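Data first, discussion second: the structure below is written as structure tokens.
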């Protein structure tokens with residue numbers, strides 16, 4: 077058992093979040109920025125990593141497990157299991173990859189099908205906002221329209237600059253805890 081898992085054993089597990097999106101959109105960078113306050117410059121494709129972090133929202137303390145997934149369909153069976161057993165989802169797209177917007181739409185549809193509900197706690201992170209705006213290939217309005225349609229919050233994030241990373245994760249955690257409290 078790794079020290080990071082042992083050190084929080086006295087706190088209750090509260091929820092599991094899954095970070096999803098296409099390849100190279102910054103899922104791992106966002107996750108590591110939130111969990112460890114680190115930014116990793118070098119891109120290494122992820123198969124799957126899991127992290128735990130103690131989090132307090134509205135006076136409620138618990139350990140959040142965050143699963144950082146692969147950005148490819150190669151691990152689809154594993155992803156369906158994560159979708160089924162998780163409480164909330166961070167849908168990540170990137171300002172420099174128009175295809176990443178289509179990918180989060182497809183992923184959201186898969187989550188809705190697996191969960192048999194379209195009322196699943198989610199947030200959208202439009203990542204890499206630190207890039208010069210003239211290099212952006214994604215229209216913010218399009219993603220904000222999706223957020224409105226899906227009734228989810230949209231955050232313009234940068235793992236590199238630490239822009240809106242905590243806000244995105246804490247908002248999603250608050251939503252999952254609110255859903256859990258409503259259903260108990």
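In our numbering, the protein residues as written are 77 to 260. Note that beta-carbon positions come from the ideal geometry of N, C-alpha and C, so glycine has one too. Treat the numbers as computed from the prediction; the structure is a model and nothing was measured.
My output table needs one value for residue i: the three-state DSSP class, helix, strand or coil.
i, result
"residue 129", "strand"
"residue 185", "helix"
"residue 115", "coil"
"residue 228", "coil"
"residue 254", "helix"
"residue 205", "coil"
"residue 233", "coil"
"residue 214", "coil"
"residue 94", "strand"
Are the CB atoms of residue j and residue i within a distance shorter than 8 Å?
i, j, result
"residue 177", "residue 205", "no"
"residue 97", "residue 168", "yes"
"residue 142", "residue 129", "yes"
"residue 228", "residue 183", "no"
"residue 196", "residue 165", "yes"
"residue 202", "residue 187", "no"
"residue 238", "residue 231", "no"
"residue 90", "residue 139", "yes"
"residue 124", "residue 146", "yes"
"residue 207", "residue 226", "no"
"residue 110", "residue 255", "no"
For chain B, check one thing: does any of its Cβ atoms lie closer than 8 Å to the Cβ of residue i?
i, result
"residue 142", "No chain B is present in this structure, which holds just one protein chain."
Should residue i be labelled buried (16 or more other beta-carbon atoms within 10 Å of its own) or exposed?
i, result
"residue 221", "exposed"
"residue 173", "buried"
"residue 247", "buried"
"residue 153", "exposed"
"residue 137", "exposed"
Round the Cβ separation of residue i and residue j to the nearest angstrom and send it over; I've been treating them as touching at under 8 Å.
i, j, result
"residue 235", "residue 106", "5 Å"
"residue 252", "residue 163", "4 Å"
"residue 108", "residue 101", "The pair is not a contact, with the Cβ atoms about 14 Å apart (cut-off 8 Å)."
"residue 190", "residue 156", "6 Å"
"residue 211", "residue 133", "Their Cβ separation, rounded to whole angstroms, is 35 Å, which puts residue 211 and residue 133 out of contact at 8 Å."
Unbroken stretches of the alpha helix (DSSP H), 4 residues or longer, contained in the segment 133 to 171: Taking only runs of at least 4 residues, the alpha helix (DSSP H) segments lying wholly in the segment 133 to 171 are 152 to 161.
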